[in-house]
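In the working numbering, the protein residues as written are 23 to 102.
We treat Cβ as the ideally placed atom computed from N, Cα and C, and that holds for glycine.
Below is one structure; the comments refer to it alone.
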Amino acid sequence: MFDRQQKLEISPEQFAIIEEALHTQSKILNVQASAGGSNARRRLNEVKGVLAFMAAQKPAANDNESRAVFGWFGKTRVSG
Numbered sequence: 023m024f025d026r027q028q029k030l031e032i033s034p035e036q037f038a039i040i041e042e043a044l045h046t047q048s049k050i051l052n053v054q055a056s057a058g059g060s061n062a063r064r065r066l067n068e069v070k071g072v073l074a075f076m077a078a079q080k081p082a083a084n085d086n087e088s089r090a091v092f093g094w095f096g097k098t099r100v101s102g
């Protein structure tokens with residue numbers, strides 16, 4: 023009953039493709055769940071959990087880029 027985790031090395035491009043595919047799957051499952059599919063609702067919750075986990079594991083390079091682009095907004099708010 024031990025949780026076994028395996029380390030998987032993927033490129034940022036592969037990570038983005040997987041994340042986009044899961045978002046698409048989430049949209050499909052949301053429509054199915056809205057139509058009354060209980061299995062779809064369960065699966066949707068699982069996919070959302072994986073997406074949340076992936077968001078926490080996302081490479082920091084994207085975070086640094088967004089800070090560089092939007093960093094001046096914070097500076098103007100503090101000084102303004």
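- When the beta-carbon positions are compared, Asn-52 and Leu-73 stay at least 9 Å from each other.
- Sequence-distant partners of Gln-54 (beyond 5 residues in either direction) whose C-beta falls short of 6 Å from its own C-beta, in its chain, are Ala-62.
- In the structure shown, Arg-63 falls within a helical segment according to DSSP collapsed to helix, strand and coil.
- Between the alpha carbons of Gln-36 and Met-76 lies a gap of roughly 12 Å.
- Check the Cα spacing between Glu-68 and each of Lys-49, Leu-30, Lys-80: the tightest is with Lys-49.
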